[in-house]
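Protein chains in written order, with my numbering: chain H, 97 to 329; chain S, 20 to 505. Note that beta-carbon positions come from the ideal geometry of N, C-alpha and C, so glycine has one too.
Take a look at the structure:
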């Protein structure tokens, strides 16, 4: 019986072809997967940062809105008698500590105020339910917010001590970057809280999760300028 | 095999691209939202500023007729400045409109008025003949302010009501009691802005004529001597014909024979009499000196009795610091500020030639001022608000229509002989500075010397109001009204 000679290349791959194909497939798939994984990590990292940015943006926007309306309604909205007898009906732009409502302290790094300070601010304004104290205070890495109705003979610091967490992972403290800095009315010398015309807000916020690639937490810095529109009392 | 690899690779690339597009889209949307919200806020503020600016009677696009025509603007009247986009409509009264004014009901506890109580004007923000649309606010609402609408109990009496419009005297708001010249009306300006991305911001101003303007309307006498130990000198006999020759003729043509300080309002409606005191002093212990110098009594007339008497002033005008604030406020809004050198004096030749009855101006002189026309030249007439911090030397040949404030040294020297000149409006003299120019702790001894004669001072509410209108509306308060995105 005569054996039929099989024609070379007529059917199947040779071992070499198969090896080359497998290697190529592995390399390309590996590259593609590594690209995919890195992109997914990147996406996860960016999503975390975006979330932190969004939360910080909301907080910053609220601070700016509160400062815009600080001092509403002003003392001039009331008769002198009413304003003198009931200071809770009108709003000062910014509450101070210590010695509120006595002689105002001075604001700034060399001033005597603890509030308004670099990490603590109390705004007085009426958002529709009477004059309120609205406090923003950085406790550790959490920006706290507290609201209390303004009341005569009451200490605003104590009144707003029941604050709730407003923004997490605020890293201003560990970066020694003041959260609040102040710009005063031009020509003012005393630099008391009532002289504050603009509050510059800087928030360094860290992402909730570390970056999957670098294993490092990422931070973003938001800054805003909040002008107080209400006139001096 | 190659096809499988290619499809797989393409699929991976598609996934990656999609993820990146989504991420970029999210960030773009976030930034877009933020930008839109900021856009809406500044658009709304632009609306507030347009409303504030157009409240002024001096503004060429003044909305005074839109306020209802009456002064003060009655409670229940509303004026809207509408700013529809090209081809669009804005109707704040339509509850189905995305630009409905729902805040009105909240503030006034009633629907938006209709008929004669509802007026509208069109915004002048878009620049005619161009494609520049101007700020994208939708409407600006102007109403009088009341206790209820402002949600404030101004006087602590009878709660918050809508009975009386609120007024402002430069220091505080109060309920208008129907007394003309008792401050300036307070208005509420509210603006809504909606951007194409549907961001909504509503902001609100409370405005009134500035402290200085409000104080001007509260001037209680044709001549007010504000302070302690004030002095008044009226015309004496002698050379009364104003020619300076010392012949002592009283020819009835100027000089002291026609001198009169009258608190009767030059602009009182025909057949009625209203006005203020002829001469007012603020410290009762000065009463004897001033009254005894103001003779004969026929030269000092007023609908009030006594025509020369004790008057009360708004708080802004009661202290050196308050008056100093007034000086600063007027200076900030002056058309012209003159600062003559030490020992020198400015004079009326420095005043703008454009000053006229139709174009009164604010002139501030930081020093002495001679309202004394040069020899040989014709008598001078000025219009508007003249504020002099030094000595005002007044030639009774010359005239002024408006308000003259002599605040600082507090010396009004009208001893130069003259006639026919007259001041229509009001004069206030106050000594707030010592000889070295330092602010006094309490008001000093202001002096008015009218011994030179002339026709004197005639109170005119018309000129006081015209002067008041020169000053801008001041922002008393600001707030933002939270908006729900529809």
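Helix, strand or coil at residue i according to DSSP, with G and I counted as helix
i             : result
residue 50/S  : helix
residue 313/H : coil
residue 508/S : Since the first residue shown for chain S is 20 and the last is 505, residue 508/S is missing from the structure and cannot be characterised.
residue 268/H : coil
residue 184/S : coil
residue 460/S : coil
residue 102/S : coil
residue 503/S : coil
residue 62/S  : helix
residue 332/S : coil
residue 258/S : A caution first: residue 258/S carries a pLDDT of 42, below 50, which makes its placement in the model unreliable, though a value can still be read off. The answer is coil: DSSP assigns residue 258/S none of H, G, I, E or B.
residue 269/S : Since pLDDT at residue 269/S reaches only 37, below the 50 mark, its modelled position is unreliable, and the value read off the structure follows with that caveat. Looking at residue 269/S - three-state DSSP - the assignment turns out to be coil, as it is neither helix nor strand.
residue 115/S : coil
residue 249/H : coil
residue 13/S  : No information on residue 13/S is available, as it lies outside the stretch 20 to 505 that chain S covers here.
residue 276/S : helix
residue 23/S  : helix
residue 320/H : strand
residue 291/H : helix
residue 240/H : strand
Where the alpha helix (DSSP H) through residue i begins and ends
i             : result
residue 161/H : 111–164
residue 123/S : 122–127
residue 306/S : 306–312
residue 482/S : 480–487
residue 181/H : 176–181
residue 409/S : Careful: residue 409/S lies outside any alpha helix (DSSP H) and carries neither H nor E.
residue 326/S : Segment: none, residue 326/S is in no alpha helix (DSSP H) and carries neither H nor E.
residue 350/S : 339–351
Residue i vs residue j beta-carbon contact at 8 Å
i             : j             : result
residue 165/H : residue 221/H : yes
residue 427/S : residue 400/S : no
residue 500/S : residue 221/S : yes
residue 207/S : residue 162/S : yes
residue 282/S : residue 290/S : no
residue 171/S : residue 140/S : no
residue 475/S : residue 469/S : yes
residue 252/H : residue 190/H : no
residue 285/S : residue 479/S : yes
residue 303/S : residue 327/S : no
residue 116/S : residue 110/S : yes
residue 212/H : residue 186/H : no
residue 406/S : residue 430/S : no
residue 321/S : residue 296/S : yes
residue 97/S  : residue 181/S : no
residue 275/H : residue 298/H : yes
residue 371/S : residue 354/S : yes
residue 316/H : residue 152/H : yes
residue 451/S : residue 342/S : yes
residue 318/S : residue 279/S : yes
residue 436/S : residue 471/S : yes
N- and C-terminal bounds of the beta strand (DSSP E) containing residue i
i             : result
residue 229/H : 227–235
residue 422/S : 418–427
residue 375/S : Element bounds for residue 375/S: n/a, residue is neither H nor E.
residue 449/S : 442–450
residue 218/H : 216–222
residue 383/S : 380–384
residue 207/S : 203–213
residue 225/S : 219–228
residue 298/S : 296–300
residue 262/H : 260–263
Any non-hydrogen atom of the ligand FAD closer than 7 Å to residue i Cβ
i             : result
residue 185/H : Judged by which ligands are present, the structure shown has none, so any question about the ligand FAD falls away.
Exercise. Do the stretch 319–328 of chain H and the stretch 194–203 of chain H touch if we need at least three Cβ pairs shorter than 8 Å?
Worked result: no
For this session: Could I get the ranges of all uninterrupted alpha helix (DSSP H) runs contained in the stretch 123–166 of chain S, with 4 residues as the minimum, in chain order?
Result: none
Exercise. Contact between the stretch 238–255 of chain S and the stretch 433–450 of chain S: three or more CB pairs below 8 Å?
Worked result: yes
Exercise. Quick one: any contact between the stretch 181–188 of chain H and the stretch 26–34 of chain S, if contact means 3 or more CB pairs under 8 Å?
Worked result: no
Exercise. Is the number of C-beta pairs between the stretch 276–295 of chain H and the stretch 133–145 of chain H that are closer than 8 Å three or more?
Worked result: no
Exercise. Taking three-plus beta-carbon pairs below 8 Å as touching, is the stretch 151–160 of chain H in contact with the stretch 476–493 of chain S?
Worked result: no
Problem set entry | the stretch 83–93 of chain S in contact with the stretch 244–251 of chain S per 3-pair CB rule at 8 Å | no
For this session: Evaluate the contact criterion for the stretch 488–495 of chain S versus the stretch 452–463 of chain S: three or more CB pairs, one atom per stretch, below 8 Å.
Result: no
Exercise. Can at least three beta-carbon pairs, one atom from the stretch 255–274 of chain H and one from the stretch 226–242 of chain H, be found at a separation below 8 Å?
Worked result: yes
For this session: Count the CB pairs spanning the stretch 411–418 of chain S and the stretch 209–228 of chain S that are closer than 8 Å, and state whether there are at least three.
Result: no
Exercise. Do the stretch 43–60 of chain S and the stretch 142–149 of chain S touch if we need at least three Cβ pairs shorter than 8 Å?
Worked result: no
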